[in-house]
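Numbering (my numbering), first residue to last: 10 to 251.
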C-alpha cells in the first residue's frame, strides 16, 4: 500500500529567541491508503498545529510533508491552495456548510473551485449524497438538516474531488454519542472502500475502536502508536444518522 501522507521530522516554532514557542517537535507520521488514524491529546498539545501542517494550511519551520508522494514543504501559498483543492478533503467539527447553499450545491462548489463542473460533477455529487443517505435532502438548506445530516453532507463534500487524504477535526464534537459514532463509522467505511488515508483529531474515546491506529500528541511530540484493526468496511444503516 502506498503512503498517502508523510510527515518527516516536522518542527514548528513560533517566535524567536527567548520568546520562541515550540508547537511541534520532530513529528513523524506515515499514513497509508485505506488507513484511518486517530490523533489524541490534551488541549494545547499541538493537535491544531499538526492538523494545519498536514492540511497544507501552515508551513513547518523544518522537516518535510509529502501528500500523495509529492513534497509540498516549500510550495508557495498559491501552490499550497491548489494542493488542498486537489488532494485534501476536510471535515470540521461544525460541518462548516455554507448557509445559503443547498445540499447539492455544497458539493458542486468544491468542483467549481477545482475548475470542474457540468453534468459529470452533478452526477458524482448525487451519487455521493445517495451513498450517505441524503439524496432526498439535496435541495434542503443546512438549517433544515439535523446535526448528523449536516456532518454527512460534510463527509460527502470531503470526497467530492476524490482526494487522497481526508482530515477530520473533532467531527463528533457537536453530536450525541449515537450520531457521533455513526459519523465516524461512515468516514471509516469510505476510507476503506475508496483507498483513502484519513487522520482524525478527536477527544472522543468512544469512537477510537473504529480507527486502525491511535497516536498520542503531548507537548508537541507524537508517540505511543497503537494498532486496532477492528473496523471492517460495510454498508451502513443511515437511519442512525437522523
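All residues carry an ideal CB built from backbone N, CA and C; glycine is no exception. Just so it is clear, the structure is predicted and the values come from calculations on it, not from any experiment.
Exercise for the section: Determine the closest residue to residue 229 out of 57, 28, 14, with distance taken between C-alpha atoms. Expected result: The shortest C-alpha separation from residue 229 is found at 57.
Practice task
Figure out for me which residue from 168, 107, 86 has the closest Cα to the Cα of residue 136.
Solution key: Nearest of 168, 107, 86 to residue 136, Cα basis: 168.
Exercise for the section: Quick one: grab the DSSP three-state call for residue 121. Expected result: Of the three classes helix, strand and coil, the one that applies to residue 121 here is helix, per DSSP.
Problem - When 204, 35, 109, 65 are compared against residue 19, the one with the closest alpha-carbon - result: Ranking 204, 35, 109, 65 by Cα distance to residue 19 puts 35 first.
Exercise for the section: Could you check the C-alpha separation between residue 46 and residue 223 for me, to the nearest Å? Expected result: Looking at the two C-alpha atoms, the distance is approximately 6 Å.
Exercise for the section: Pull up the distance between the alpha-carbon of residue 217 and that of residue 115, whole angstroms please. Expected result: One alpha carbon belongs to residue 217, the other to residue 115, and they sit about 29 Å apart.
Problem - Which of helix, strand or coil DSSP assigns to residue 82 - result: Here residue 82 sits in coil by DSSP.
Handout entry: Distance between residue 25 and residue 1 (C-alpha atoms, nearest Å)
Key = Since the first and last residues shown for the chain are 10 and 251, residue 1 lies out of range.
Exercise for the section: Take residue 148 and list the residues in its own chain whose beta-carbon comes closer than 6 Å to its own, dropping the five residues that flank it on each side. Expected result: Around residue 148, the same chain offers 111 as residues with beta carbons nearer than 6 Å, after the five sequence neighbours per side are excluded.
Handout entry: Of the listed residues 103, 31, 95, 227, nearest to residue 152 (C-alpha basis)
Key = Checking every option, the nearest Cα to that of residue 152 belongs to 103.
Practice task
Going by CA-CA distance only, name the one from 186, 196, 105, 68 that's closest to residue 90.
Solution key: For residue 90, the nearest C-alpha among the options comes from 68.
Exercise for the section: Work out the CA separation of residue 71 and residue 189 for me, nearest whole Å. Expected result: Taking the CA atoms as reference points, residue 189 sits about 36 Å from residue 71.
Problem - Exposure of residue 172, with buried meaning 16 or more beta-carbon neighbours within 10 Å - result: When all chains shown are included, residue 172 counts as buried.
Practice task
Check whether the Cβ of residue 120 sits closer than 7 Å to any heavy atom of the ligand PLP, and report yes or no.
Solution key: This structure lacks the ligand PLP, and indeed carries no ligand of any kind.
Exercise for the section: Specify the secondary structure class of residue 211 as computed by DSSP and reduced to three states. Expected result: Judged by DSSP in its simplified three-state form, residue 211 adopts coil rather than helix or strand.
Practice task
Please go through the same chain and pick out, in chain order, the residues whose beta-carbon is closer than 7 Å to the beta-carbon of residue 42, but skip the five residues on each side of it.
Solution key: Contacts found: 10, 11, 13, 204, 205, 206.
Exercise for the section: Go through the region 144-193 residue by residue and report every complete run of the beta strand (DSSP E) that reaches 3 residues or more, in order. Expected result: As far as the region 144-193 is concerned, its whole beta strand (DSSP E) runs of at least 3 residues are 174-178.
Practice task
Would you identify the three-state DSSP class for residue 230, choosing helix, strand or coil?
Solution key: The answer is strand: DSSP assigns residue 230 an E or B state.
Practice task
Please check the pair residue 161 and residue 195, which I expect to be a contact at CB under 8 Å, by giving their CB distance rounded to whole angstroms.
Solution key: Right, their Cβ atoms sit about 7 Å apart.
Practice task
Return the bridge partner residues of residue 139 from the DSSP annotation.
Solution key: By DSSP's assignment, residue 139 forms no beta bridge with any residue.
Practice task
State buried or exposed for residue 124, treating a residue as buried only when at least 16 other CB atoms are found within 10 Å of its CB.
Solution key: The residue is exposed, with fewer than 16 neighbouring Cβ atoms inside 10 Å.
Problem - Inter-residue Cα distance where the pair is residue 221 and residue 44 - result: If you take the alpha carbons of residue 221 and residue 44, they lie about 6 Å apart.
Exercise for the section: Could you check the C-alpha separation between residue 55 and residue 33 for me, to the nearest Å? Expected result: Rounded to whole angstroms, residue 55 to residue 33 spans 6 Å at the Cα level.
Exercise for the section: Give the single residue among 131, 226, 154 whose Cα lies nearest to the Cα of residue 50. Expected result: Ranking the options by Cα distance to residue 50, first place goes to 226.
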